[in-house]
Amino acid sequence: MSLRNMVHCALSLVLTFAGLAGLYLQLNAEFVGFTQILVYVGAVSILIVFAILLTRSTEPKDEPATVTPWVGISVAVGAFLTMALAVLASPVGKRLAAPAPEVSVKTLGQKLMTDYVLPLEVMALLLTAAMLGAVIIAMKDKEGQR
Amino acid sequence: MLGTGILKGMVETAKNFAGSYHDPARLTTVEYPEQRIASKENARQFPMLIHDTEDPMKGLRCVACQICEKECPPQCIYIVKSKDKRADYKGQMQFYPATFDIDISVCMSCQICVEVCPFESIKMNTEFELSNTDRFGGLLIHKEQLAKSNEHYRKIHPTEAAASDAVLAAEVAKAQAKAKADAEAKAAKAAAEAKAKADAAAAAATPAAPKPSSPAAAPAAAPAA
Amino acid sequence: MAELFQAIDQFPVILKHWLMSHAAGVLPEWVLPLLSAALSITPILAVFPLLFALTTVVERKGLGRIQNRIGPNRVGIPLTDIRLYGFGQFIADGIKSLIKEDVVPRAADKVVHFLAPIALLIPVLLTYSVLPFGKNMVPLDLPQTGLLFFFAVGASTELSVFMAGWSSRNKYSLLGAMRAIAQMVSYEIPLILSSLTVVMMAGTLSLTGIVENQATVHFGFLHDWHLFTPWGFVGFCLFLTAAAAEANRTPFDLPEAESEIIAGYFTEYSGFKFAIFFLAEYLGLFAMCGLGITLFLGGWLPPFKFLGFIPSWCWFLGKLVALILLFIWLRGTLPRLRTDQLMGFAWKFLLPMTLINLVVAALWHMSGGAVPVLVRWAVGFVLLAVPYWLLGRGFEVKFTKREYRFAN
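Protein chains in written order, with the numbering used here: chain A, 1 to 146; chain Z, 1001 to 1225; chain G, 2001 to 2408.
What follows is the structure, encoded as structure tokens:
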């Protein structure tokens, strides 16, 4: 957390989302990758940014970050090096890549509607409840003002 | 129903689009530098100075009375009165402007100078192509550029010019009538004097004529001045 | 003769193959994929910015004619009297924006301010990579996720808009960005839902697959465009409306309403950065039009089978130009909406209509073959027209004669 500006932090987070999408694409998961971009880069980031702008009434002071970036950078580089060495040392790279299963949108949909229908329904219920809650909070606010 | 308004509007704009190619009533644009529309009679841009004779500088009607300079709301007129006098259109001796400048970057075309001028000298011009590369000197118009002939004035503002000419003609007529009246009065006085002189000569028959004639001539000269 | 037409049709593809086969012997192997990509990208980068440049002139001329003016007709070839009907204008504009001073506000967030136009243009250009411009002419054919790619990349432009508006440190910019984002998020839902009907019918997300799904022929001459079905027609209208809002076109150009917030989120941009915003906006519109053509207007297919001798990319370009002209016409006709009208229209009209359209498309799909065509049409028509009429009633303004207290 070397960035003091919340919006900069949010933009960096979006960059991370995009990177995650890139990882999905590397794993031949096109559908998940593009959905990641559509949902996270397109929608969630906007939500975060709006939340920051609407809740923080004052501009952040330009005081220096409490933690110097160098500590974070060295930790990150160290962690990356350890992981890279571990991966290179392990026999993962030498194994032949497994033949990628042909995951079409159709199979995804069928899986969602058969094997994973319960999680899907639970999520749908949760989201509906969240939306109703948001609407009710917004309504109460308006009545309170009157 | 929703959407019918949009369709109606689109038909209207389509009519405009098609009409602009063949219907001159719809396309009223004039392509300016090549085509021009005649200036409206009541148009006005910036003031000009009217002159009557061939030489603009000699025939300026302006007598440098400086009323316009004092009245001008944005104070864009600058006048320097001449040291000497010269004869105006009525033959009277008048001052004339040694310098007459109008800063048209300041002028607001209010026409107050025209309304206060007692000599029908400053009028509004319709010249509008005054763009210049020098925004200070180029927009300060001197009397050489300001001077326009009365014919030009008659051309751009016929009605107004006719009224102005009538005023001037009346002035001239008045002056001539006055001059004539003065001349007649002078002649009558001279005749009366001559008669008196003759009477005196007849009465006295002495060489004392110059002395009584001078007080008699003085009142006759006074109205002429 | 047929072979000649075929050759003209596939001319870009043949040219690329020829170039690649000649390059294969000369260049090292790792260059070849890059060269192939470059050869696919170059036509896009050449054609669409040029189309944008021409559109700016055509739009100004067209709007002029609609408003009973002449429009730009002066700029032609410099130092001559050749005027080219004003079509030299875009070159002059381009040179002007290139050599103009680039003003960045002192308080602006310099890095984000600089990145915003780039972050806007890149996704917009990326969307072109999945559009099929002609038969066998799609730079990046994603058989599983073509349409999803388009929307995913298109959605990331919202963030660029926010970056532009926020980093300018200008209230108008931020207001414009807020408006733009609210509008884009709201209209993305009807946009995606109206496209979803096509995905349901075609059973694929691949854009080439969707076009090929429309290649069947009715009555021996009429191609089976999705437009020629009740759900397709309504879907296309909904799609166009949502696309206009996504591309910030009139009547949905609130984010850049000059009379209220100057130029919206790119108020503080000048010179070439402004030109990039302008370019990205138009390219976004073209991409949306291209997607609409692919989904509903049969992509590269001609309307009638006997017109098949005209090259496929000509059909695509022709339809694109037609849609652009339609948008110009709409811009010349419609006034700008108010913010509450805009949001109300998206949520109270477009969204229910797209949902109903989904149901109609499903019915159409299920009843295929079993039910006579006329019955399907009648049911589809009723199911769409009645909600249209009912939902539309809410937006009709009852005008009463206005009384002026002091003017009368």
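For glycine and all other residues, C-beta sits at the position ideal for the given N, C-alpha and C.
All values reported here derive from a predicted model rather than from experimental measurement.
Looking at the secondary structure, which residues open and close the beta strand (DSSP E) in which T1099(Z) lies?
Position 99 of the second sequence, counted from the first residue, corresponds to residue 1099(Z). Start and end: P1097 to D1103.
Would you tell me roughly how many angstroms separate the C-alpha atoms of W2389(G) and A2263(G), rounded to the nearest one?
For the purposes of this step, residue 2389(G) is taken as the residue at position 389 of the third sequence. For the purposes of this step, residue 2263(G) is taken as the residue at position 263 of the third sequence. So the alpha carbons of these two residues sit roughly 36 Å apart.
Compare the Cα-Cα distances from Y1078(Z) to each of G1059(Z), L1140(Z), G1019(Z) and F1136(Z) and report the closest residue.
In the second sequence, residue 1078(Z) corresponds to position 78, counting from 1. Checking every option, the nearest Cα to that of Y1078(Z) belongs to L1140(Z).
With 8 Å as the C-beta to C-beta threshold (strictly closer), list the residues of the segment 2316-2348 of chain G near chain Z in chain order.
W2329, L2330, G2332, T2333 and L2334
If you follow the beta strand (DSSP E) that M1124(Z) is in, where does it begin and where does it stop?
Taking the second sequence and counting its residues from 1, the one referred to as residue 1124(Z) is at position 124. Here the beta strand (DSSP E) through M1124(Z) covers I1122 to M1124.
Identify whether H8(A) lies in helix, strand or coil by the three-state DSSP scheme.
In the first sequence, counting from the first residue as 1, residue 8(A) sits at position 8. Three-state result, H8(A): helix.
Relative to the C-alpha of F2239(G), which candidate in H2113(G), F2296(G), F2381(G) and G2076(G) has its C-alpha closest?
Locating residue 2239(G) in the third sequence gives position 239, counting from the first residue. For the residues H2113(G), F2296(G), F2381(G) and G2076(G), the minimum Cα distance to F2239(G) belongs to F2296(G).
Can you tell me whether DSSP reads Y2269(G) as helix, strand or coil?
As a first step, residue 2269(G) is located in the third sequence; it is residue number 269 there, counting from the start. Of the three classes helix, strand and coil, the one that applies to Y2269(G) here is coil, per DSSP.
Return the Cβ separation of L2326(G) and G2292(G) in integer angstroms, given the expectation that the two are a contact with Cβ distance under 8 Å.
Position 326 of the third sequence, counted from the first residue, corresponds to residue 2326(G). Position 292 of the third sequence, counted from the first residue, corresponds to residue 2292(G). Not really, about 10 Å apart at Cβ, beyond 8 Å.
Could you tell me whether any Cβ in chain Z is nearer than 8 Å to the Cβ of I2070(G)?
Indexing the third sequence from 1 puts residue 2070(G) at position 70. With respect to chain Z, the C-beta atom of I2070(G) has a partner C-beta closer than 8 Å.
To the nearest whole angstrom, what separates the beta carbons of G2088(G) and I2077(G), a pair I think is in contact under 8 Å?
As a first step, residue 2088(G) is located in the third sequence; it is residue number 88 there, counting from the start. As a first step, residue 2077(G) is located in the third sequence; it is residue number 77 there, counting from the start. About 6 Å; that satisfies the 8 Å criterion.
According to the Cβ coordinates, are T2339(G) and R2169(G) closer than 8 Å?
Within the third sequence, the letter at position 339 stands for residue 2339(G). Within the third sequence, the letter at position 169 stands for residue 2169(G). Not in contact: T2339(G) and R2169(G) (Cβ atoms no closer than 8 Å).
Which residues bound the beta strand (DSSP E) around Y1078(Z)?
Locating residue 1078(Z) in the second sequence gives position 78, counting from the first residue. Taken as a continuous stretch (DSSP letters only), the beta strand (DSSP E) holding Y1078(Z) covers I1077 to K1081.
Check whether chain G comes within 8 Å of R146(A), counting only Cβ atoms and requiring the distance to be less than that.
Within the first sequence, the letter at position 146 stands for residue 146(A). Bear in mind that the predicted position of R146(A) carries a pLDDT of just 43, short of 50, making it unreliable; the figure below should be weighed with that in mind. Output row for R146(A): interface = no.
Rounded to the nearest angstrom, what separates F2114(G) and S2259(G) at their Cα positions?
For the purposes of this step, residue 2114(G) is taken as residue 114 along the third sequence, with counting starting at 1. For the purposes of this step, residue 2259(G) is taken as residue 259 along the third sequence, with counting starting at 1. Using only the alpha carbons, I get a separation of about 26 Å.
Could you tell me which of N2213(G), V2103(G) and N2068(G) sits nearest to P1024(Z), measuring between CA atoms?
As a first step, residue 1024(Z) must be located in the second sequence, where it is residue number 24. It is N2068(G) whose Cα lies nearest to the Cα of P1024(Z).
Any beta carbon of chain G sitting closer than 8 Å to that of S1131(Z)?
Taking the second sequence and counting its residues from 1, the one referred to as residue 1131(Z) is at position 131. Closer than 8 Å: no.
Using only CA atoms, which one of F2011(G), F2150(G), A2275(G) and V2382(G) lies nearest to I2095(G)?
For this step, residue 2095(G) is matched to residue 95 along the third sequence. Of F2011(G), F2150(G), A2275(G) and V2382(G), the residue nearest in Cα terms is A2275(G).
According to DSSP, simplified to helix, strand and coil, what is G2062(G)?
In the third sequence, residue 2062(G) corresponds to position 62, counting from 1. Correct three-state label for G2062(G): helix.
Would you say F2052(G) and Y2282(G) are within 8 Å of each other, going by their C-beta atoms?
As a working mapping, residue 2052(G) is identified with position 52 in the third sequence. As a working mapping, residue 2282(G) is identified with position 282 in the third sequence. In contact: F2052(G) and Y2282(G) (Cβ atoms closer than 8 Å).
Should T2294(G) be labelled buried (16 or more other beta-carbon atoms within 10 Å of its own) or exposed?
Position 294 of the third sequence holds residue 2294(G). With 16 or more other Cβ atoms within 10 Å, it is buried.
So for S45(A), helix, strand or coil by DSSP?
Translated into the one-based positions of the first sequence, residue 45(A) becomes position 45. Here S45(A) sits in helix by DSSP.
Taking V1080(Z) as the reference, which of Q1066(Z), K1123(Z), T1028(Z) and A1038(Z) has the closest Cα?
Numbered from 1 along the second sequence, position 80 holds the residue referred to as residue 1080(Z). Nearest of Q1066(Z), K1123(Z), T1028(Z) and A1038(Z) to V1080(Z), Cα basis: Q1066(Z).
Taking only the alpha-carbon atoms, compute the straight-line gap between F2306(G) and L2222(G) and give it to the nearest angstrom.
Indexing the third sequence from 1 puts residue 2306(G) at position 306. Indexing the third sequence from 1 puts residue 2222(G) at position 222. F2306(G) and L2222(G): Cα-Cα distance of roughly 9 Å.
Near L2383(G), which residues of its chain fall below 6 Å by C-beta distance, leaving aside the five closest residues on each side in sequence?
Here residue 2383(G) corresponds to residue number 383 of the third sequence, with the count starting at 1. Once the five neighbours on either side are set aside, the close Cβ partners of L2383(G) are V2360.
Using DSSP with H/G/I as helix, E/B as strand and the rest coil, what is I2077(G)?
Numbered from 1 along the third sequence, position 77 holds the residue referred to as residue 2077(G). Three-state DSSP puts I2077(G) in coil, outside helix and strand.
Using 8 Å for Cβ pairs, my map puts L2148(G) next to I46(A). What's the rounded Cβ distance?
The residue given as residue 2148(G) occupies position 148 in the third sequence. The residue given as residue 46(A) occupies position 46 in the first sequence. About 19 Å separates the two Cβ atoms, so there is no contact after all.
Measuring straight from C-alpha to C-alpha, what distance separates P2033(G) and G2025(G)?
Translated into positions along the third sequence, residue 2033(G) becomes position 33. Translated into positions along the third sequence, residue 2025(G) becomes position 25. Roughly 14 Å separates the two Cα atoms.
Compile a chain-ordered list of the residues in the segment 27-44 of chain A whose CB is closer than 9 Å to at least one CB of chain G.
E30, F31, G33, F34, T35, Q36, I37, L38, V39, V41, G42 and A43
Could you tell me the boundaries of the alpha helix (DSSP H) in which L1049(Z) lies?
Translated into the one-based positions of the second sequence, residue 1049(Z) becomes position 49. Not the alpha helix (DSSP H): L1049(Z) falls in the beta strand (DSSP E), residues P1047 to H1051.
Where do the N-terminal and C-terminal ends of the beta strand (DSSP E) with S1149(Z) fall, by residue?
Position 149 of the second sequence, counted from the start, is the residue given in the question as residue 1149(Z). A1147 to S1149 is the extent of the beta strand (DSSP E) around S1149(Z).
For the alpha helix (DSSP H) that Q2144(G) lies in, which residues bound it at each end?
On the third sequence, residue 2144(G) is found 144 positions in, with the first residue counted as 1. Neither: Q2144(G) is in no alpha helix (DSSP H) and is coded neither H nor E.
Please work out which residues of its chain come closer than 8 Å, Cβ to Cβ, to P2123(G), disregarding the five sequence neighbours upstream and downstream, and give them in chain order.
Counted from its first residue, the third sequence places residue 2123(G) at position 123. V2153, G2154, S2156, T2157 and S2160.
Report the rounded CA-to-CA distance for L2004(G) versus I2310(G), giving the unit in angstroms.
Here residue 2004(G) refers to the residue found at position 4 of the third sequence. Here residue 2310(G) refers to the residue found at position 310 of the third sequence. Their Cα atoms are separated by approximately 11 Å.
Consult DSSP for F2151(G) and reduce its assignment to one of helix, strand or coil.
As a working mapping, residue 2151(G) is identified with position 151 in the third sequence. The answer is helix: DSSP assigns F2151(G) an H, G or I state.
Let's see if you can read the secondary structure: which residues bound the alpha helix (DSSP H) around C1117(Z)?
Within the second sequence, residue 1117(Z) is the residue found at index 117, counting from 1. No alpha helix (DSSP H) holds C1117(Z); DSSP gives it neither H nor E.
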